[in-house]
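K.L.:
Keeping their order, the protein sequence lines are chains F and P. For what it's worth, the working numbering labels the leading residue of the first sequence as 590, then goes sequentially. For what it's worth, the working numbering labels the leading residue of the second sequence as 590, then goes sequentially. Ideal Cβ positions, reconstructed from N, Cα and C, are used throughout, including at glycine. Keep in mind it's a predicted model, so treat the numbers as computed, not measured. Below you will find the structure I want to go over with you.
Number of protein chains: 2
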Amino acid sequence: MLKVYGFSRVNKMARGKTRDLRVLWALEEMGLPYEVVGMDHPRHDLDTPAYRALNPFGQIPVLDDDGVVVTESGAILLYLARKSGKLMPRDLAGEAQVLRWCVAALNTIEVPILTAWFVDLNGGKGTKGSDALHQWGDMRLKQLDGWLAGREFVATDEFTVADLLMTHVLGAGTDESVVKDHPNVLAFQKRCIARPAWKKAFDAYCDRVEAG
Amino acid sequence: MLKVYGFSRVNKMARGKTRDLRVLWALEEMGLPYEVVGMDHPRHDLDTPAYRALNPFGQIPVLDDDGVVVTESGAILLYLARKSGKLMPRDLAGEAQVLRWCVAALNTIEVPILTAWFVDLNGGKGTKGSDALHQWGDMRLKQLDGWLAGREFVATDEFTVADLLMTHVLGAGTDESVVKDHPNVLAFQKRCIARPAWKKAFDAYCDRVEAG
Numbered sequence: 590m591l592k593v594y595g596f597s598r599v600n601k602m603a604r605g606k607t608r609d610l611r612v613l614w615a616l617e618e619m620g621l622p623y624e625v626v627g628m629d630h631p632r633h634d635l636d637t638p639a640y641r642a643l644n645p646f647g648q649i650p651v652l653d654d655d656g657v658v659v660t661e662s663g664a665i666l667l668y669l670a671r672k673s674g675k676l677m678p679r680d681l682a683g684e685a686q687v688l689r690w691c692v693a694a695l696n697t698i699e700v701p702i703l704t705a706w707f708v709d710l711n712g713g714k715g716t717k718g719s720d721a722l723h724q725w726g727d728m729r730l731k732q733l734d735g736w737l738a739g740r741e742f743v744a745t746d747e748f749t750v751a752d753l754l755m756t757h758v759l760g761a762g763t764d765e766s767v768v769k770d771h772p773n774v775l776a777f778q779k780r781c782i783a784r785p786a787w788k789k790a791f792d793a794y795c796d797r798v799e800a801g
Numbered sequence: 590m591l592k593v594y595g596f597s598r599v600n601k602m603a604r605g606k607t608r609d610l611r612v613l614w615a616l617e618e619m620g621l622p623y624e625v626v627g628m629d630h631p632r633h634d635l636d637t638p639a640y641r642a643l644n645p646f647g648q649i650p651v652l653d654d655d656g657v658v659v660t661e662s663g664a665i666l667l668y669l670a671r672k673s674g675k676l677m678p679r680d681l682a683g684e685a686q687v688l689r690w691c692v693a694a695l696n697t698i699e700v701p702i703l704t705a706w707f708v709d710l711n712g713g714k715g716t717k718g719s720d721a722l723h724q725w726g727d728m729r730l731k732q733l734d735g736w737l738a739g740r741e742f743v744a745t746d747e748f749t750v751a752d753l754l755m756t757h758v759l760g761a762g763t764d765e766s767v768v769k770d771h772p773n774v775l776a777f778q779k780r781c782i783a784r785p786a787w788k789k790a791f792d793a794y795c796d797r798v799e800a801g
């Protein structure tokens, strides 16, 4: 049975944004059976030697597939897509488009978006450094918006793990402030979170995780 | 013939750090024939509609494999590894370890390292936001240093595209300031850049690209 290490407690600000949801959504899309191992961050479940052996960075999520340990949400999605033959074309040329858009989500887009938020959270709001990060992120979102004009999905004609990843990197509808000025990105995101598998994964997450 | 879009002019600060080198190094490791299409950033070669059609973000590198267009250095490396059967195990469990460490390099490590540098470059040095990014990056490097204790390579027992990517994300020896306090990371990086393929790719790059 696939084992997913996910959060068992999440504060209000992070609710819906934690990366375990990327994996849980993918597993619902793929119809693969799994169990969730709930980790309580404030109670230091991630600081134990046993967990650090799985992931030296102490991050969530981790996938344990009968002893094959995979970390990093993006890597887990690509692994599951290859294992299941779902949410990614099977030919190398098609796979390449999913690869490029998964990496674009995790690097080209997430680098400025995540760190602009982080710097502001740490007292940097309104500083030159913060402004530069916001400008960088806005430029990337504008470019992404252009790419999505006339496209239903980001990598291929069908929904893939790259769409799932891009949607969640941009807040998965839990916070529209990042994408609100980019109509094609917003419409794309709404298309993706309208999928039953997102609703199922997100509802189960909300039922399971404690607040605080 | 594989076509790599790379820089034809690079300023002194960025020399060796541009991401086309990740692909050029991998191609030398794999022994695949290729040609470089030189792009002059200050002369706006990246701003043309033709280039934006290849990569909407206008970034270097792009790989064109007889019409299969791949962007994002990490995606190109994984594509080339799958195509050539080199620098990555062929079984899914082994591939998963390379996937996780490629994503760790591009996201867990590069997010704070790159943005701490970027914020400082944009007038943020010494601010709370910059300090928080540096602390985040230092924490990740310390965790990576622990993982590399007693390990020759980051993902498997052999050199893979994950080692190549991690080495270059950390400056590939062109700037040791990031890794100097982390002895296992430093030794790992030295092992990787001692490989003949890095020297060949880097020397050709230095011969080809103009300064300025």
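Looking at the C-beta of F/Ala603, does it have a partner C-beta in chain P at a distance below 8 Å?
P.N.:
As a first step, residue 603 of chain F must be located in the first sequence, where it is residue number 14. F/Ala603 does not count as touching chain P.
K.L.:
Do P/Leu695 and F/Tyr668 have their C-beta atoms within less than 8 Å of each other?
P.N.:
Reading the second sequence from its first residue, position 106 is the one you call residue 695 of chain P. Reading the first sequence from its first residue, position 79 is the one you call residue 668 of chain F. No.
K.L.:
How big is the Cα-Cα spacing for P/Val659 and F/Gly801?
P.N.:
As a first step, residue 659 of chain P must be located in the second sequence, where it is residue number 70. As a first step, residue 801 of chain F must be located in the first sequence, where it is residue number 212. Distance between the alpha carbons of P/Val659 and F/Gly801: 42 Å.
K.L.:
Going by C-alpha distance, which of F/Leu621, F/Val626 and F/Thr697 is nearest F/Val798?
P.N.:
For the purposes of this step, residue 798 of chain F is taken as the residue at position 209 of the first sequence. Nearest of F/Leu621, F/Val626 and F/Thr697 to F/Val798, Cα basis: F/Val626.
K.L.:
Tell me, to the nearest whole angstrom, how far the beta carbon of P/Leu753 is from that of P/Leu666; I am working on the premise that it is less than 8 Å.
P.N.:
Taking the first residue of the second sequence as 1, we reach residue 753 of chain P at position 164. Taking the first residue of the second sequence as 1, we reach residue 666 of chain P at position 77. Right, the Cβ-Cβ distance comes to about 7 Å (below 8 Å), so this counts as a contact.
K.L.:
Which residue comes first and which comes last in the alpha helix (DSSP H) that contains F/Met619?
P.N.:
For the purposes of this step, residue 619 of chain F is taken as residue 30 along the first sequence, with counting starting at 1. Unbroken alpha helix (DSSP H) run through F/Met619: Asp609 to Met619.
K.L.:
Which residues mark the beginning and the end of the beta strand (DSSP E) in which F/Val593 is found?
P.N.:
Position 4 of the first sequence, counted from the first residue, corresponds to residue 593 of chain F. Here the beta strand (DSSP E) through F/Val593 covers Leu591 to Phe596.
K.L.:
Would you mind sorting F/Ser766 into buried or exposed? The rule is 16 or more other CB atoms within 10 Å of its CB.
P.N.:
Taking the first residue of the first sequence as position 1, residue 766 of chain F is located at position 177. It counts as exposed.
K.L.:
Would you kindly report the start and end of the unbroken alpha helix (DSSP H) that includes P/Gly718?
P.N.:
Along the second sequence, one-based indexing puts residue 718 of chain P at 129. Start and end: Lys717 to Leu737.
K.L.:
Would you mind stating whether P/Trp787 and P/Trp614 have Cβ atoms separated by less than 8 Å?
P.N.:
Stepping through the second sequence from its first residue, residue 787 of chain P is reached at position 198. Stepping through the second sequence from its first residue, residue 614 of chain P is reached at position 25. A contact, by the Cβ cut-off of 8 Å.
K.L.:
Can you name, in chain order, every residue of its own chain whose Cβ lies under 7 Å from the Cβ of F/Ala751, other than the five neighbours on each side?
P.N.:
Here residue 751 of chain F refers to the residue found at position 162 of the first sequence. Cβ within range, chain order: Val687, Trp690, Cys691, Ala694, Val743 and Ala744.
K.L.:
In three-state DSSP terms, what is P/Val767?
P.N.:
Looking up residue 767 of chain P in the second sequence gives position 178. If DSSP states are grouped into helix, strand and coil, P/Val767 belongs with coil.
K.L.:
Report the CB separation of P/Thr756 from P/Cys781 in whole angstroms; it is logged as a contact under 8 Å.
P.N.:
Position 167 of the second sequence, counted from the start, is the residue given in the question as residue 756 of chain P. Position 192 of the second sequence, counted from the start, is the residue given in the question as residue 781 of chain P. Yes, P/Thr756 and P/Cys781 are in contact; Cβ-Cβ is about 4 Å, under 8 Å.
K.L.:
Compare the C-beta of F/Tyr668 against all C-beta atoms of chain P and say whether one is closer than 8 Å.
P.N.:
Translated into positions along the first sequence, residue 668 of chain F becomes position 79. It does: the Cβ of F/Tyr668 has a partner Cβ on chain P nearer than 8 Å.
K.L.:
Closest by CA to F/Asp653, which one among P/Ala685, P/Tyr794 and P/Glu624?
P.N.:
As a position in the first sequence, residue 653 of chain F is number 64, starting the count at 1. Taking only the C-alpha atoms, the option nearest F/Asp653 is P/Ala685.
K.L.:
For the alpha helix (DSSP H) that contains P/Val774, what are its first and last residues?
P.N.:
Position 185 of the second sequence holds residue 774 of chain P. It spans Pro772 to Ile782 - the alpha helix (DSSP H) in which P/Val774 sits, taken as one unbroken run.
K.L.:
Closer than 9 Å between beta carbons: that is the criterion. Which residues of the region 755 to 779 of chain P meet it against chain F?
P.N.:
Cβ contacts with chain F come from no residue of the region 755 to 779 of chain P.
K.L.:
Is it the case that the Cβ atoms of F/Ala721 and P/Phe646 are separated by a distance below 8 Å?
P.N.:
Position 132 of the first sequence, counting from 1, holds the residue named residue 721 of chain F. Position 57 of the second sequence, counting from 1, holds the residue named residue 646 of chain P. Contact flag unset, no.
K.L.:
Closer than 8 Å, CB to CB, is P/Pro574 near chain F or not?
P.N.:
Examination of residue 574 of chain P is not possible in this model, given that chain P is present from 590 through 801 alone.
K.L.:
Is it buried or exposed for P/Asp792, if we count other Cβ within 10 angstroms and need 16 for buried?
P.N.:
Your numbering for residue 792 of chain P matches position 203 in the second sequence. P/Asp792 is exposed by the Cβ-count criterion.
K.L.:
Output the residue ranges of the beta strand (DSSP E) runs that lie fully inside the region 627 to 655 of chain F and measure 3 residues or longer, sorted by chain position.
P.N.:
As far as the region 627 to 655 of chain F is concerned, its whole beta strand (DSSP E) runs of at least 3 residues are 651 to 654.
K.L.:
Tell me F/Tyr668's beta-bridge partners as DSSP assigns them.
P.N.:
Here residue 668 of chain F refers to the residue found at position 79 when the first sequence is read from its first residue. None; F/Tyr668 has no bridge partner.
K.L.:
Kindly list, in the order they appear in chain P, the residues whose Cβ is closer than 8 Å to that of F/Ser673.
P.N.:
The sequence position of residue 673 of chain F within the first sequence is 84, counting from 1. In chain order: nothing, as chain P lies at least about 11 Å away.
K.L.:
Who are the Cβ neighbours of P/Lys789 in its own chain at under 8 Å, not counting the five residues just before and after it?
P.N.:
As a first step, residue 789 of chain P is located in the second sequence; it is residue number 200 there, counting from the start. Correct list, in chain order: Glu617.
K.L.:
8 Å is my cut-off, CB to CB: does P/Gly595 come that close to chain F?
P.N.:
Mapped onto the second sequence, residue 595 of chain P falls at position 6. Output row for P/Gly595: interface = no.
K.L.:
To the nearest angstrom, report how far apart F/Ala761 and F/Ala776 are at their CA atoms.
P.N.:
In the first sequence, counting from the first residue as 1, residue 761 of chain F sits at position 172. In the first sequence, counting from the first residue as 1, residue 776 of chain F sits at position 187. If you take the alpha carbons of F/Ala761 and F/Ala776, they lie about 12 Å apart.
K.L.:
Ignore the nearest five residues each way along the sequence and tell me which others in P/Arg611's own chain have a CB closer than 7 Å to its CB.
P.N.:
In the second sequence, the residue the question calls residue 611 of chain P occupies position 22. Only Ser662, Leu666, Leu753, Leu754 and His757 meet the Cβ criterion.
K.L.:
Short check: CB of F/Arg608 to CB of F/Thr763, under 8 Å?
P.N.:
Translated into positions along the first sequence, residue 608 of chain F becomes position 19. Translated into positions along the first sequence, residue 763 of chain F becomes position 174. Taking 8 Å as the Cβ cut-off, F/Arg608 and F/Thr763 do not qualify as a contacting pair.
K.L.:
Within 10 Å of its beta-carbon, does P/Gln778 have 16 or more other beta-carbons around it, so buried, or fewer, so exposed?
P.N.:
Start at 1 with the first residue of the second sequence, and residue 778 of chain P comes out as number 189. Result: buried.
K.L.:
If contact means a Cβ-Cβ distance below 8 Å, which residues of the region 613 to 631 of chain F contact chain P?
P.N.:
Hits within the stretch: zero.
K.L.:
Under 8 Å between the Cβ atoms of P/Tyr594 and P/Met628?
P.N.:
Residue numbering aside, residue 594 of chain P sits at position 5 when the second sequence is read from its first letter. Residue numbering aside, residue 628 of chain P sits at position 39 when the second sequence is read from its first letter. Contact: yes.
K.L.:
For F/Gly663, would you say it is in contact with chain P, using Cβ-to-Cβ distances shorter than 8 Å as the test?
P.N.:
Walking along the first sequence from the start, residue 663 of chain F turns up at place 74. True, the Cβ-Cβ gap to chain P drops below 8 Å.
K.L.:
Check the DSSP bridge columns for P/Val659 and list the partner residues they point to.
P.N.:
For the purposes of this step, residue 659 of chain P is identified with residue 70 of the second sequence, where counting begins at 1. Its beta-bridge partners are P/Leu652.
K.L.:
For the alpha helix (DSSP H) that P/Met755 lies in, which residues bound it at each end?
P.N.:
Taking the first residue of the second sequence as 1, we reach residue 755 of chain P at position 166. Start and end: Val750 to Val758.
K.L.:
Could you round the C-beta distance between P/Gly712 and F/Gly718 to whole angstroms and report it? I think they count as a contact, below 8 Å.
P.N.:
Reading the second sequence from its first residue, position 123 is the one you call residue 712 of chain P. Reading the first sequence from its first residue, position 129 is the one you call residue 718 of chain F. Yes, P/Gly712 and F/Gly718 are in contact; Cβ-Cβ is about 7 Å, under 8 Å.
K.L.:
Give the interface partners of F/Glu699 over in chain P, defined as CB-CB distance under 9 Å, in chain order.
P.N.:
Taking the first residue of the first sequence as position 1, residue 699 of chain F is located at position 110. Going along chain P in sequence order, the residues near F/Glu699 (Cβ under 9 Å) are Asn696 and Val700.
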